[in-house]
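Per this note's numbering, residue 2 is the first one in the sequence shown, and the count goes up by one each step.
Heads up, the beta-carbon is just placed ideally off N, CA and C, and yes, glycines get one too.
To start, the structure itself, in structure tokens.
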Amino acid sequence: MAIMRKIYFDNAATTQVRKEVVDKVAEILSTEFGNPSSTHSVGRSSKSILENCRKEIAAHFKVTAAEIIFTSGGTEADNLIINSCVRDLKVERIITSKIEHHAVLHTIQDLSSELNIQVDYVQLDQNGMIIYDHLENLLKISPSKTLVSLMHVNNEIGNILNINKVATICKDYNALFHSDTVQSVGHYNLDFSKIPIDFAAVAAHKFHGPKGVGFAFVRKNSGLKASIKGGEQERGLRAGTEAVYAVAGLNEALKLSYQHLTEETNYVKSIKNYFKDTLLREIPDAKLNGCCGDDDLSTYTLLNVLLPIPPEKASLLLFQLDLKGIACSKGSACQSGSVSGSHVLSEILSKEDMLKPSLRFSFSTFNTTEEVDFVIETLKELMNS
Ligand SMILES: Cc1ncc(COP(=O)(O)O)c(C=O)c1O
């Protein structure tokens, strides 16, 4: 029996782990089992690996090692930051947007109902871009202690926030600024010595690293406290024995991503543009959601595509693609199992367009133009069947 080829266009959900990362994780797992908190030499050896990784990771962002707090991933980092801003820094008001990841939105919604925190949502334009003047107006009208939480790259439609502009506005109005940078770290250079940001969340599995590890960037002297309580690990901000092998994998993945950033960005961009051009030529009624057709306003790693398919055919589409070996995503994989449509697309699409299928194709350095050809041909076939 012929083995079916697998085409993976779901890199915004997670990425294939690089071979070098697998090797690094295996090496550390097999040679360094010490608990970094132990004071004997076995523990000290693990501790030294952990702290070297922290230093190397911090250097990519031009921050100090003490500002990197390892977590189990993006969700935990978002939770740690937002919860502690309210509970420990006494933030009374949060400004965010309706198209944030649920790690941010649900955390904020819970705090709002539990502790009566005021939540304001920044207006979006018709393509889901933040209206910066509205953010400024919101900051102007209230003196209460405020946290602004806006993601850098949207995981569903790829829109890029002008993170420096938002950070500067927040600074001007004395508001704290957190950005979920889960979809941008490893794909864009971020210099936090120049961007006046307070907090950021990162996940290794979005840049060819292992799952279950990430970090929170927490600006020095922020006053944040731990949500997960126990030991004094991570400078008292995150209790629990550190997963040194996973952190080493994160470090290796980040190093490789930034080492190859220019060539891989150009390559992935060319795959995305080839996909976009082929799609619009072969299926002219397809539409691009959000700003993902615009290289300046949207990440080079994804396309969110609305297909001109009637609802009765739409429900089977993802399943049929899967049967052909094609992995992509309806909205976002983080919400698979959810019966409601995408909370992001529902902010920017008409009711009528929400009934049509929107698929997210997200790309990596491991994809090829031949894969794109196969996917577009398959889409055409399924639409005409
Ligand atoms: C923008 C964004 N934030 C947060 C997360 C959650 O990260 P993790 O899966 O590491 O918890 C994701 C993952 O899908 C994401 O895309």
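| Query | Result |
| --- | --- |
| Across which residues does DSSP place Ile131 in a beta bridge pair? | Leu125 |
| Tell me whether the beta-carbon of Ala104 lies closer than 8 Å to the beta-carbon of Gly129. | no |
| With DSSP collapsed to three states, give me the class of Ser337. | In this predicted model, Ser337 has a pLDDT of only 43, less than 50, meaning its place in the structure is not dependable enough to derive any value. |
| Measuring only the C-alpha atoms, how far is Ile198 from Phe178? | 6 Å |
| Do the CB positions of Pro211 and Val43 come within less than 8 Å of each other? | no |
| Between Phe375, Lys20, Ile109, which lies nearest to Glu93 when the distance is taken from Cα to Cα? | Ile109 |
| So what does DSSP say about His179, is it helix, strand or coil? | strand |
| Could you spell out where the beta strand (DSSP E) holding Gly215 opens and where it closes? | 215-219 |
| Exposed or buried, Ser337, counting other C-beta atoms within 10 Å across all chains shown (16 or more means buried)? | The predicted position of Ser337 is uncertain, since its pLDDT is 43 and thus under 50; no value can be drawn from it. |
| Do Ala204 and Asp11 have their CB atoms nearer than 8 Å? | no |
| Between which two residues does the alpha helix (DSSP H) carrying Val269 extend? | 262-283 |
| By Cβ distance below 8 Å, which residues in the same chain neighbour Val22 in space, the five residues on each side in sequence not counted? | His209, Gly210, Pro211, Gly250, Glu253, Ala254, Leu257 |
| So what's Val92 in DSSP terms, helix, strand or just coil? | coil |
| Run the proximity test for Asp11: is its beta-carbon closer than 7 Å to any non-hydrogen atom belonging to ligand 1? | no |
| Comparing C-alpha positions only, which one of Ala227, Ser180, Pro144, Glu264 sits nearest to Ser85? | Ala227 |
| Quickly, what does DSSP pair Gln110 with across the bridge? List them, please. | In DSSP, Gln110 forms no bridge with anything. |
| Just to check, is the beta-carbon of Leu75 closer than 7 Å to a non-hydrogen atom of ligand 1? | Looking at the sequence provided, one finds Gly at residue 75 rather than Leu. True, at least one ligand heavy atom lies under 7 Å from that Cβ. |
| Between which residues of its own chain and Ser185 is the CB-CB distance below 6 Å, once the five residues before and five after are set aside? | His153, Val154 |
| What residue does the alpha helix (DSSP H) around Asn385 start on, and which one ends it? | 370-385 |
| How long is the line joining the alpha carbons of Thr366 and Arg55, rounded to whole angstroms? | 26 Å |
| Return yes when the Cβ of Ile158 is within less than 8 Å of the Cβ of Leu136, no when it is not. | no |
| Rounded to the nearest angstrom, how far is the Cβ of Ala66 from that of Ala202, given a contact under 8 Å? | Ala66 to Ala202, Cβ: 18 Å. No contact. |
| I want to know whether the segment 269-279 touches the segment 133-152 - three or more CB-CB distances under 8 Å. | no |
| Measure the alpha-carbon distance for Ser38 versus Thr15 and round it to whole angstroms. | 31 Å |
| For ligand 1, is there a heavy atom less than 7 Å away from the beta-carbon of Gln17? | no |
| Just list the residues that DSSP pairs Tyr189 with in beta bridges. | Val186 |
| From Leu383, Glu33, Asn368, pick the residue whose C-alpha is nearest to that of Asn267; which is it? | Asn368 |
| Nearest to Pro144 by alpha carbon, out of Asp111, Tyr189, Ser73, Ile96? | Ile96 |
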